[in-house]
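Working notes, structure below.
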């Protein structure tokens, strides 16, 4: 009787083992700066990826007739290009099926070659430097508008809406900061505006007295900063200390929920105008608002900026796998490239021949009472 029981138990164990073996693991890599000055942005992105993976696993996704389990492999690049390429190589060596990231253009661009050489699809949720998709890599995609659109739109807005007469430009010399500042300056000049000074700092700086004092003598009514909120906050504090009452403008790098805290409460209402590389209106806004509510319920923190774009990027990638019937990069990559009409929480996603999002939107914001308020969505 015991022998018969052992046979039955063994058969059940083998059956369960077979079920487990038939469930394939699909590895999704994510890279962002989860340490350093902009760790709050990198963690925000990573949580967006985790939410997507958790929901996909709860649904029980089937690819090519097989149920799959998604595994998130998260790496920290600290916003540093060298660490970014090391993280990219680690993910390639781990045989990930796809990568969502990196956050910064300065890490995304060098990492993109490593993914391209390995044939692994990469979707950046936030890198806006045009060079990312201009290198001819068929594996590179992004779900936000680039700096040509973002910087140029802000430059025009500074002249036509903000009515800036004397505009100063500062950048942090990163691929993102310098790139968006260059496009902003072009936009100002194209709109008939005047740039009275151009200065630069770096993404680790905390003292801007010299460059701000130099610009103060030129009496700017608008100061544009190409860089991230960790630098913009202290810069705003020092502008206040020096009596510079100019409007402060910047791209998506400063357009975060943390900026008021980083500026130590020195921002005046409506002083800051910034743009997020994405945006939805009307009925589409409901899905984004619902995502933000769900995100806060799950993680007990507010969305900083790009978590919804990471979430959409993961889901777009998986949708391509499902449609292709395979999670093998070489098989689903052509399907991913032809993505059209995907309804995400950040709007409708489709890629052009370079891997850029089609009809990328921008959302302009200001801050009142320490809270970010939407001004307009432009395309």
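Numbering (mature numbering (1 follows the signal peptide of the UniProt record, and there is no 0)), first residue to last: -22 to -1, 1 to 357.
For each residue, glycine too, the CB sits at the ideal point set by N, CA and C.
CB-CB length for residue i against residue j, believed under 8 Å
| i | j | result |
| --- | --- | --- |
| residue 318 | residue 328 | 5 Å |
| residue 96 | residue 292 | Actually they do not touch by this definition, with Cβ atoms about 19 Å apart. |
| residue 161 | residue 205 | So it is not a contact: roughly 14 Å between Cβ atoms. |
| residue 181 | residue 209 | 6 Å |
| residue 8 | residue 36 | Not quite, the Cβ-Cβ distance comes to about 19 Å (not below 8 Å), so this is no contact. |
| residue 268 | residue 22 | That belief does not hold up - the Cβ atoms of residue 268 and residue 22 are roughly 18 Å apart, past 8 Å. |
| residue 258 | residue 225 | In fact, because the Cβ distance is near 26 Å, the residues do not count as touching under 8 Å. |
| residue 103 | residue 287 | 4 Å |
| residue 295 | residue 16 | Not really, about 24 Å apart at Cβ, beyond 8 Å. |
| residue 80 | residue 105 | 7 Å |
| residue 244 | residue 220 | At roughly 11 Å, the Cβ-Cβ gap does not stay under 8 Å, so residue 244 and residue 220 are not in contact. |
Beta-carbon gap between residue i and residue j smaller than 8 Å
| i | j | result |
| --- | --- | --- |
| residue 145 | residue 122 | no |
| residue 6 | residue 75 | yes |
| residue 222 | residue 177 | no |
| residue 116 | residue 87 | no |
| residue 12 | residue 54 | yes |
| residue 10 | residue 24 | yes |
| residue 283 | residue 252 | no |
| residue 41 | residue 250 | no |
| residue 137 | residue 166 | yes |
| residue 142 | residue 170 | no |
| residue 207 | residue 236 | yes |
| residue 175 | residue 198 | yes |
| residue 265 | residue 323 | yes |
| residue 279 | residue 270 | no |
| residue 256 | residue 339 | yes |
For residue i, the first and last residue of its enclosing alpha helix (DSSP H)
| i | result |
| --- | --- |
| residue 23 | 17 to 37 |
| residue 8 | Where residue 8 is concerned, there is no enclosing alpha helix (DSSP H), although the beta strand (DSSP E) it sits in stretches over 2 to 10. |
| residue 87 | 83 to 96 |
| residue 216 | 207 to 219 |
| residue 189 | 187 to 194 |
| residue 235 | Looking at the DSSP string, residue 235 is not in any alpha helix (DSSP H), and its letter there is neither H nor E. |
| residue 242 | Run containing residue 242: none; DSSP gives neither H nor E here. |
| residue 262 | 262 to 277 |
| residue 282 | Counting along the chain, residue 282 falls outside any alpha helix (DSSP H), and DSSP gives it neither H nor E. |
| residue 131 | 125 to 138 |
| residue 258 | Element bounds for residue 258: n/a, residue is neither H nor E. |
| residue 315 | 307 to 315 |
| residue 64 | 59 to 71 |
Euclidean distance between Cα positions of residue i and residue j
| i | j | result |
| --- | --- | --- |
| residue -2 | residue 39 | For residue -2, the predicted structure reports a pLDDT of 43, less than 50, and the residue's modelled location is therefore unreliable. A value from the coordinates is still provided. Distance between the alpha carbons of residue -2 and residue 39: 16 Å. |
| residue 352 | residue 344 | 7 Å |
| residue 331 | residue 120 | 12 Å |
| residue 194 | residue 188 | 10 Å |
| residue 342 | residue 231 | 13 Å |
| residue 290 | residue 310 | 17 Å |
| residue 203 | residue 112 | 24 Å |
| residue 2 | residue 313 | 20 Å |
| residue 308 | residue 126 | 31 Å |
| residue 325 | residue 276 | 22 Å |
| residue 58 | residue 84 | 7 Å |
| residue 183 | residue 191 | 16 Å |
| residue 410 | residue 196 | The question about residue 410 has no answer here: the residues shown for the chain are numbered -22 through 357. |
| residue 91 | residue 65 | 13 Å |
| residue 31 | residue 218 | 44 Å |
| residue 89 | residue 118 | 10 Å |
| residue 78 | residue 19 | 15 Å |
| residue 73 | residue 272 | 31 Å |
| residue 107 | residue 216 | 28 Å |
| residue 45 | residue 297 | 14 Å |
| residue 348 | residue 134 | 26 Å |
| residue 151 | residue 157 | 8 Å |
| residue 159 | residue 153 | 10 Å |
| residue 132 | residue 212 | 22 Å |
| residue 48 | residue 93 | 19 Å |
| residue 357 | residue 336 | 10 Å |
Identified DSSP bridge partners for residue i
| i | result |
| --- | --- |
| residue 351 | 344 |
| residue 326 | 321 |
| residue 44 | 41 |
| residue 120 | 102 |
| residue 50 | 6 |
| residue 356 | 340 |
| residue 176 | 147 |
| residue 204 | 149 |
| residue 253 | 342 |
| residue 335 | 329 |
Limits of the beta strand (DSSP E) - the one that residue i falls within
| i | result |
| --- | --- |
| residue 167 | Here residue 167 belongs to no beta strand (DSSP E); instead the alpha helix (DSSP H) covers 153 to 168. |
| residue 149 | 145 to 149 |
| residue 227 | 225 to 228 |
| residue 77 | 76 to 79 |
| residue 183 | From DSSP, residue 183 is part of no beta strand (DSSP E); its letter is neither H nor E. |
| residue 302 | Note, residue 302: premise wrong, no beta strand (DSSP E); alpha helix (DSSP H) at 285 to 302. |
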